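**Q** Have a look at this one.
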Amino acid sequence: MKKPVAGGIALATIGLSLLSFGAAYAHQANVGNNLASKFAERFNLDETEVQQFLDEQHATNEADREQAMSDHLQSLVDDGTLTTEQKTALETKLEAIRNERETLRNQDLTPQQRHDKMQSAREDLEAWANEQGIDLDVIHPQDEQGMPGHHGFRHMD
Numbered sequence: 035m036k037k038p039v040a041g042g043i044a045l046a047t048i049g050l051s052l053l054s055f056g057a058a059y060a061h062q063a064n065v066g067n068n069l070a071s072k073f074a075e076r077f078n079l080d081e082t083e084v085q086q087f088l089d090e091q092h093a094t095n096e097a098d099r100e101q102a103m104s105d106h107l108q109s110l111v112d113d114g115t116l117t118t119e120q121k122t123a124l125e126t127k128l129e130a131i132r133n134e135r136e137t138l139r140n141q142d143l144t145p146q147q148r149h150d151k152m153q154s155a156r157e158d159l160e161a162w163a164n165e166q167g168i169d170l171d172v173i174h175p176q177d178e179q180g181m182p183g184h185h186g187f188r189h190m191d
């Protein structure tokens, strides 16, 4: 596979996983509220406490993902793949993407509107990475087998 094609595939994977998480979480938030209600009813618990636990677990999982990405980026700096400046720029960009994801979560969008926004964001990310001289092929964290992972489906500890 030619390098530009591989870069495009990696970029699409990164952009999709970062941005689609927001769309999935919006749906998951509604399911989570319903889940909290069902757990509370089934096990005779306070629904507010159940929802608080689910929210805390979500925040913990998100912090773990952010730390894993930071560690991954630092390893890329350590091995000379990225410069410190590129790492800092990328962390800033990822924070902006997380903020955009948060904004999307609170919008009532049709699937087509969500798709269009994600496509636009992927294109923006690709252009930004090219301007920064960042090869997105090396950015995407990999799972234990060295394959780009589907890190959104980790189990709760």
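If you use the working numbering, the sequence shown corresponds to residues 35 to 191, in order.
All residues carry an ideal CB built from backbone N, CA and C; glycine is no exception.
What you are looking at is a predicted structure, and each value in this text was computed from that prediction instead of being measured.
Could you have a look at Phe77 and say whether DSSP puts it in helix, strand or coil?
**A** If DSSP states are grouped into helix, strand and coil, Phe77 belongs with coil.
**Q** So, under 8 Å CB-CB, Leu107 and Leu124 are touching, yes? Tell me the CB distance rounded to an integer number of Å.
**A** Yes, they are in contact, since the Cβ atoms of Leu107 and Leu124 sit about 6 Å apart, within 8 Å.
**Q** His174 by DSSP, collapsed to three states: which one?
**A** Of the three classes helix, strand and coil, the one that applies to His174 here is coil, per DSSP.
**Q** Let me know the alpha helix (DSSP H) ranges lying completely inside the stretch 62–137, each 4 residues or longer, listed in chain order.
**A** If we require 4 residues or more, the alpha helix (DSSP H) runs fully inside the stretch 62–137 come out as 81–112.
**Q** In whole angstroms, what is the alpha-carbon distance linking Gln85 and Thr115?
**A** If you take the alpha carbons of Gln85 and Thr115, they lie about 42 Å apart.
**Q** Using the beta-carbon count (16 or more within 10 Å), is Asn68 buried or exposed?
**A** So Asn68 counts as exposed.
**Q** Would you say the beta carbon of Leu143 comes nearer than 6 Å to a heavy atom of the ligand MN?
**A** Looking for the ligand MN in the displayed structure turns up nothing, as the structure carries no ligands at all.
**Q** With distances taken Cα to Cα, identify the nearest neighbour of Ile235 among Thr82, Lys151, Asp105, Thr117.
**A** Lying before the first or after the last residue shown, residue 235 is absent from the chain, which here runs from 35 to 191.
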